[in-house]
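All letters in the sequence shown, in the order written, are residues 8 to 273 by the numbering used here.
A virtual CB, placed ideally from N, CA and C, is assigned to each residue, including glycine.
These numbers were taken from a predicted model, which means no experiment stands behind them.
Below is one structure, written out as structure tokens; comments come after it.
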Amino acid sequence: MSIESENMKRSMSEGNANNLIHRLDPRAKLLSLMGLVVAVVLSDPPSVIPQFNPSTFFPYLFVILLLLSLATISKISLITLLKRSMVVIPFSIVVALFLPFFGNGDVVVDLVFGSLALSSHGINTFVGVVVKSYVCVMCIILLTMTTPFPSIIKALGWLRVPETYLQVLSFLYRYMFILMEEVTNMKRARDSRNPNKARRIWYIRTAGLIAGTLFIRAYERGERVYSAMVSRGYEGRMPSLGRMRMGMKDWIFMCMFITVSAYILV
């Protein structure tokens with residue numbers, strides 16, 4: 008595996024694996040953080056229009072501070088966590104872009120003679136979607152940075168997630184870095200054959216060839232891997248090693264998040 012792929016794989020699970028958060032049962036972390044995500048999604052949106060109410064932002068700020076505290080305990084860079092969570096903001100803005108124009112609240116700005124207007128309810132909903140998306144993605148990123156991916160898969164299996172979905176996720180995670188390495192090698196080979204920097208149209212054409220070649224290689228690799236698995240006794244279910252046990256610290260962790268989730272919903 009190349010250095011770039013290895014660094015990316017290592018960056019997905021940062022921090023000191025010997026601290027309290029990393030040693031928690033993956034089921035406790037998964038249930039706690041997913042429950043917090045559900046509570047954030049079901050909570051009322053913050054009030055921005057017609058009167059700005061700072062207290063409506065306090066639950067979200069409290070959750071962010073809690074997540075940052077857990078990241079500090081886990082020896083995870085706070086800047087890294089905050090920056091990675093911001094990736095979702097452009098997507099949430101695009102998805103919720105038209106929400107301010109649809110709402111039953113007071114009209115704030117009349118744009119097209121009453122046929123198109125910004126409503127207070129729509130603006131509050133728009134702000135709520137962006138803020139909630141950021142907080143929820145921060146929860147998910149913290150989970151992935153403090154829990155090995157195989158442990159997350161095992162916890163999802165304990166929650167009775169269909170085995171097919173779990174295997175797809177497992178293979179996606181395992182071979183994503185290999186495919187990225189192949190793309191890097193093909194791009195490096197392309198650049199080595201074009202020292203004079205040909206025109207942009209040449210890059211577009213070779214990009215299509217790279218995509219087609221990558222698809223064929225991925226398909227052939229999948230067939231080889233499946234044949235190797237069947238020859239070793241694969242019958243539709245991956246064997247699992249080790250047992251998970253919930254301790255007192257796991258239950259305390261879950262109770263803390265249940266309390267926070269209840270505070271958000273109240």
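Just to confirm the assignment, what range does the alpha helix (DSSP H) spanning residue i have?
i, result
"leucine 163", "156–165"
"threonine 87", "85–92"
"valine 267", "255–272"
"tyrosine 274", "Past the edges of the chain, shown from 8 to 273, lies residue 274, and the structure says nothing about it."
DSSP three-state call for residue i: helix, strand or coil?
i, result
"leucine 104", "coil"
"leucine 125", "strand"
"tyrosine 186", "Rather than tyrosine, the amino acid found at residue 186 in this sequence is leucine. Residue state, collapsed to three classes: helix."
"phenylalanine 98", "helix"
"leucine 31", "coil"
"aspartate 51", "coil"
"glycine 243", "coil"
"phenylalanine 133", "helix"
"asparagine 60", "coil"
"valine 168", "coil"
"methionine 251", "coil"
"arginine 228", "helix"
"phenylalanine 109", "coil"
If the criterion is Cβ atoms closer than 8 Å, does the pair residue i and residue j meet it?
i, j, result
"valine 81", "histidine 29", "Note that residue 81 is serine in the sequence shown here, rather than valine. Their beta carbons are under 8 Å apart, which means serine 81 touches histidine 29 by this criterion."
"leucine 68", "alanine 78", "no"
"arginine 212", "isoleucine 148", "no"
"glycine 129", "phenylalanine 108", "yes"
"threonine 220", "methionine 193", "yes"
"leucine 49", "leucine 216", "no"
"phenylalanine 264", "serine 39", "yes"
"leucine 37", "cysteine 146", "no"
"phenylalanine 139", "valine 70", "Rather than phenylalanine, the amino acid found at residue 139 in this sequence is lysine. Cβ distance not < 8 Å, so lysine 139 and valine 70 don't count as in contact."
"valine 45", "asparagine 131", "no"
"valine 144", "isoleucine 100", "no"
Would you decide whether residue i is buried or exposed? Buried here means 16 or more other CB atoms lie within 10 Å of its CB.
i, result
"lysine 274", "Here the chain comprises residues numbered 8 to 273, so residue 274 is not present and cannot be evaluated."
"lysine 161", "buried"
"tyrosine 210", "exposed"
"proline 169", "exposed"
"valine 95", "buried"
"leucine 74", "buried"
"methionine 183", "exposed"
"methionine 253", "exposed"
"threonine 154", "buried"
"cysteine 262", "exposed"
Is residue i a contact residue of the ligand NAD, with contact defined as CB to any heavy atom under 7 Å?
i, result
"valine 168", "Absent from the structure shown: the ligand NAD. Ligands present: none."
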